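Novice: For the sequence shown, the working numbering begins at 49 and goes up steadily by one.
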Amino acid sequence: ELGLFFDPCRTKGVLLRFFDVSTQTESYNNSGTAEPVVMRPFFSTANNAQASIAINYPGSTSGSVNASLSSELYGGNLLFRRRLARDCGGEIEFLTGYQMVHLSEDLSLVSSTTALSNSPAPLGTVSQLSDRFETENRFYGASFGLQGKIREGYWSLQGMVQLGVGNLERLVDIAGSSTITVPGTPPTISSTTNGLLARNTNAGHYEFNTFVVSPEAAVTLGY
Numbered sequence: 049e050l051g052l053f054f055d056p057c058r059t060k061g062v063l064l065r066f067f068d069v070s071t072q073t074e075s076y077n078n079s080g081t082a083e084p085v086v087m088r089p090f091f092s093t094a095n096n097a098q099a100s101i102a103i104n105y106p107g108s109t110s111g112s113v114n115a116s117l118s119s120e121l122y123g124g125n126l127l128f129r130r131r132l133a134r135d136c137g138g139e140i141e142f143l144t145g146y147q148m149v150h151l152s153e154d155l156s157l158v159s160s161t162t163a164l165s166n167s168p169a170p171l172g173t174v175s176q177l178s179d180r181f182e183t184e185n186r187f188y189g190a191s192f193g194l195q196g197k198i199r200e201g202y203w204s205l206q207g208m209v210q211l212g213v214g215n216l217e218r219l220v221d222i223a224g225s226s227t228i229t230v231p232g233t234p235p236t237i238s239s240t241t242n243g244l245l246a247r248n249t250n251a252g253h254y255e256f257n258t259f260v261v262s263p264e265a266a267v268t269l270g271y
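(1) Compute the distance between the beta-carbons of E153 and S110, then report whether it is under 8 Å.
(2) Tell me, to the nearest whole angstrom, how far the beta carbon of F90 is from that of S100; I am working on the premise that it is less than 8 Å.
(3) Considering only the alpha carbon of each residue, which of M208, S262 and G243 lies closest to I222?
(4) Would you be able to state if there are at least three C-beta pairs under 8 Å between the region 129-140 and the region 195-206?
(5) With DSSP as the reference, label G137 as helix, strand or coil.
(6) Would you identify the three-state DSSP class for Y30, choosing helix, strand or coil?
(7) Relative to the C-alpha of T173, which candidate in S165, D179 and R180 has its C-alpha closest?
(8) Find the nearest neighbour of N114 within the set E255, F128, G123 and E74, judged by alpha-carbon distance.
(9) Can you give the Cα-Cα distance for D68 and S156, rounded to whole angstroms?
(10) Quick one: residues in its chain with C-beta nearer than 6 Å to the C-beta of P235, no 5 flanking neighbours on either side, listed in chain order?
(11) For F192 and L132, I'd like the C-alpha separation in whole angstroms.
(12) Taking a contact to mean a Cβ-Cβ separation below 8 Å, would you say S204 touches G270 in this structure?
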């Protein structure tokens, strides 16, 4: 938080607030040696039921899967502040201004499988699948609230309630791909824009705008 008052009595000013929880990541990588059985689950629309494909299965397939997930969250306010009341024990201010919050997430899954038998694919057939899902949530709006502080000796207690009103823009990108290589002279290679989860039926770019109310409450104890 950064603040600036316009007058010596500290009755009017501006307040800049910003938070950033940085980028959080999770990942999974299977080498095939530590985990001999690895399956990728999916919902089969053909059978209307849960199903799975074998990435790594003794005597049937050998392969690997890499999954990564990232999430980023940050936001802030630019607020005009005006004191409503003050005494020896504390003060209360009215806040109004601009608020923004941004949340983005990314999920990527890539797998490669080699057939170890002639069923269901010819021996040595390599199947590569890729799925990617990206989302962004952007909130921009006006903000109204109250902020108060109470002091007692070396201790201070500060509280704030705030209400943001504005537009939430939601963006979604879904993409997939698959490449199947059948051994031969020359090998037969076929590629499509269908992954395991990201298919032609759901792939694409989507945008949604929604009017939302974003409440916030904060309490700070100081010494």
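Cβ atoms here follow ideal geometry from the backbone N, Cα and C, with glycine treated the same way.
Every value quoted in this text rests on a predicted model; they were computed, and no experiment measured them.
Specialist: Taking the coordinates as given:
(1) Residue 153 sits at position 105 when you count from the first residue of the sequence shown. Residue 110 sits at position 62 when you count from the first residue of the sequence shown. Going by C-beta atoms, E153 is not nearer than 8 Å to S110.
(2) Stepping through the sequence shown from its first residue, residue 90 is reached at position 42. Stepping through the sequence shown from its first residue, residue 100 is reached at position 52. F90 to S100, Cβ: 7 Å. Contact.
(3) Along the sequence shown, one-based indexing puts residue 222 at 174. When each option's Cα is compared against that of I222, the closest is G243.
(4) yes
(5) Your numbering for residue 137 matches position 89 in the sequence shown. G137 falls in the coil class under three-state DSSP.
(6) In this structure the chain extends from 49 to 271, so residue 30 is not present and cannot be described.
(7) Mapped onto the sequence shown, residue 173 falls at position 125. Checked all of S165, D179 and R180; the closest Cα to T173 is S165.
(8) Position 66 of the sequence shown, counted from the first residue, corresponds to residue 114. The residue with the shortest Cα to Cα distance from N114 is E74.
(9) As a working mapping, residue 68 is identified with position 20 in the sequence shown. As a working mapping, residue 156 is identified with position 108 in the sequence shown. So the two alpha carbons sit approximately 23 Å from each other.
(10) For the purposes of this step, residue 235 is taken as residue 187 along the sequence shown, with counting starting at 1. Only T229 meet the Cβ criterion.
(11) Position 144 of the sequence shown, counted from the first residue, corresponds to residue 192. Position 84 of the sequence shown, counted from the first residue, corresponds to residue 132. Going from the Cα of F192 to the Cα of L132 covers about 14 Å.
(12) Counting from one through the sequence shown, the residue named residue 204 turns up at place 156. Counting from one through the sequence shown, the residue named residue 270 turns up at place 222. In contact: S204 and G270 (Cβ atoms closer than 8 Å).
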